[in-house]
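Residue numbering for the sequence shown follows the working numbering, starting at 1 and increasing by one per position. Just so it is clear, CB atoms sit at the ideal spot from N, CA and C, and this is done for glycine as well. Report on one structure; see the data block that follows.
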Amino acid sequence: MPELGRRGVIARYGHRMAIDGIEAPVTLCEGGTPLIPAPRLARELGLGCELVLKYEGLNPTGSFKDRGMTAAITQAAADGARVVMCASTGNTAASAAAYAARAGMRCVVVVPDGKVALGKLAGAVAYGARVVAVKGSFDDGLRLVREATETSGIALVNSLNPARIEGQKTAAFEICEALGGPPDWLCLPVGNAGNITAYWKGFREEVSAGELPRMLGGQAAGAAPLVLGRPVERPDTVATAIRIGNPARWTEAQAAIDGSSGLVAAVEDAGILRVYRMLAQLEGVFCEPSSAAGLAALAGEVARGAISVTGRTVVCVLTGHGLKDPDAAMASARPCVAVEPRLEPLLEAASNG
Ligand code: F0G
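Structure representation (structure tokens):
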């Protein structure tokens with residue numbers, strides 16, 4: 001076969017992943033996402049750094065979850081699993097559904113009823129998953145899924161599954177490769193805390209201790225257990241992907257923050273949405289609201305003088321594509337304008353917008 005673009009993270013980095021089955025990976029050619037410089041945004045936010053966006057929304061199902069899911073489903077296939085299950089705020093669900101379909105497995109996804117963005121649900125059902133909406137939070141769903149997978153032979157593909165971390169750490173490898181070394185800071189949203197765990201593992205495997213980047217995690221103010229130091233019983237935020245009150249990888253996330261002299265900061269929904277709009281309107285990069293939480297946290301911490309990133313290289317991970325949450329996009333921008341099919345009203349509309 002000729003080499004046609006992206007090869008998938010197991011083809012590239014399988015030899016560095018602790019998983020079985022890499023000779024027959026279940027892949028959608030995920031990974032290889034671009035690093036996009038964002039100088040206008042850096043200036044507008046007064047950051048003074050070289051700001052680069054790792055646009056993970058360009059993965060096959062529209063989020064970074066695909067990196068971990070190729071590994072988890074490949075491992076599950078090697079183990080002989082026929083059914084996989086996860087709890088999800090939406091992106092893990094879509095990703096698990098796609099990779100399970102590709103592996104010929106059944107997939108059951110458990111989501112918080114009424115709190116999943118439309119594009120994610122659409123993905124999960126389109127890929128043929130059984131979607132179960134639990135009348136409760138993501139945390140309730142994860143508790144149930146852990147119980148359900150303990151004895152049933154169904155494979156759990158949440159980021160509690162170590163294969164997920166093995167796959168997701170490849171984003172750190174790619175960043176070092178593209179920049180010719182690690183950045184000074186890595187900013188990302190934190191929900192269930194699998195991704196910060198994976199990046200930290202990836203960087204520690206890739207670079208020497210003295211070169212490690214500082215990790216900056218962003219949490220929504222209404223769902224900020226790591227910032228508060230205690231679980232949040234009723235998490236609430238417009239950033240539904242990270243609407244999580246009791247992260248499964250809490251300890252590992254804290255270790256990444258402490259070990260990197262980093263920090264975790266809370267951002268109000270208004271701050272997240274502001275940066276979400278700026279990303280799209282100043283740089284042409286459309287992510288889902290949750291994805292903006294890392295950059296919003298960075299902007300907030302710099303603005304209040306808690307940190308300085310002047311002259312530094314800062315990578316912000318944009319975890320999911322903007323089309324995942326069309327309702328958020330429509331609610332936070334100017335409405336469309338309808339006109340009669342004549343030139344005058346068109347020019348009139350064109351001139352005042
Ligand atoms: N950004 C997006 C777009 C996400 O979907 C998630 C998590 C995160 C950030 C946070 O990553 O959980 O590893 O700290 N989404 C999970 C899901 C919970 O079910 O799709 P994390």
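Item to check | Backbone CA spacing between S261 and M215 [nearest angstrom] | outcome: 7 Å
Checklist entry - Are the region 269 to 280 and the region 243 to 255 in contact at 8 Å, needing three or more beta carbon pairs? => result no
Checklist entry - Does the beta-carbon distance from D140 to A220 come in below 8 Å? => result no
Checklist entry - Got a sec? Which residues, its chain only, sit under 6 Å from A122 by beta carbon, not counting five neighbours each side? => result none
Next on the checklist: Using only CA atoms, which one of V111, E283, A248 lies nearest to R40?
Outcome noted: E283
Next on the checklist: Give me the DSSP bridge partner(s) of H321.
Outcome noted: C287
Checklist entry - Roughly how many whole angstroms lie between the Cα atoms of P189 and E301? => result 14 Å
Checklist entry - What are the boundary residues of the beta strand (DSSP E) that V52 is part of? => result 50 to 55
Checklist entry - Under 8 Å between the Cβ atoms of K120 and A81? => result no
Item to check | Near ligand 1: P162 beta-carbon under 7 Å from a heavy atom | outcome: no
Checklist entry - Between the region 144 to 157 and the region 181 to 188, do three or more beta carbon pairs fall short of 8 Å? => result no
Checklist entry - If you drop the 5 nearest sequence neighbours on each side, which residues of the same chain put their C-beta closer than 6 Å to that of A266? => result Q219, A221, A224, V227
Item to check | Sequence-distant residues of its chain with Cβ nearer than 6 Å to C316 (five each side left out) | outcome: L53, C187, G294, L295
Checklist entry - In terms of alpha-carbon separation, which member of N246, V314, P335, I242 lies closest to P289? => result I242
Checklist entry - CA-CA distance, I165 and G48? => result 32 Å
Item to check | N158 vs A87 beta-carbon contact at 8 Å | outcome: yes
Checklist entry - Below 8 Å between beta carbons: does that hold for F173 and I244? => result no
Checklist entry - Sorted by chain position, which residues of the same chain lie with C-beta nearer than 6 Å to L35's C-beta, five sequence neighbours on each side aside? => result V52, K54, A178
Next on the checklist: Given 7 Å as the limit, tell me if T70 has its C-beta closer than that to any heavy atom belonging to ligand 1.
Outcome noted: no
Item to check | Simplified DSSP assignment, three categories, for T33 | outcome: coil
Checklist entry - Excluding five sequence neighbours on each side, which residues of the same chain lie with their C-beta closer than 6 Å to the C-beta of G128? => result A101
Checklist entry - From what residue to what residue does the beta strand (DSSP E) around V9 run? => result Careful: V9 lies outside any beta strand (DSSP E), inside the alpha helix (DSSP H) at 9 to 13.
Checklist entry - Considering only C-alpha positions, which residue in the set K324, D79, S208 is nearest to L58? => result K324
Checklist entry - In chain order, what residues of the same chain have a beta carbon less than 8 Å from the beta carbon of Y199, not counting five sequence neighbours either side? => result Q168, K169, A171, A172, L186, L188, M215, A256, V317
Checklist entry - For A329, which residues of its own chain have a beta-carbon under 7 Å away from its beta-carbon, when the five flanking residues on both sides are left out? => result G322
Checklist entry - Using a Cβ-Cβ cut-off of 8 Å (strictly less than) and excluding sequence neighbours within five positions of I175, which residues of its own chain qualify? => result L35, K54, P182, P183, L186, V315
Checklist entry - Exposed or buried, P341, counting other C-beta atoms within 10 Å across all chains shown (16 or more means buried)? => result exposed
Item to check | Boundaries of the alpha helix (DSSP H) in which A336 is found, first to last residue | outcome: First, the residue type needs correcting, since residue 336 is Cys and not Ala in the sequence shown. Per DSSP, C336 belongs to no alpha helix (DSSP H) and is neither H nor E.
Next on the checklist: What does the alpha-carbon distance come out to for the pair T74 and P213?
Outcome noted: 30 Å
Next on the checklist: Is there a Cβ of chain C sitting closer than 8 Å to that of V302, yes or no?
Outcome noted: Any reference to chain C falls outside this structure, which holds one protein chain only.
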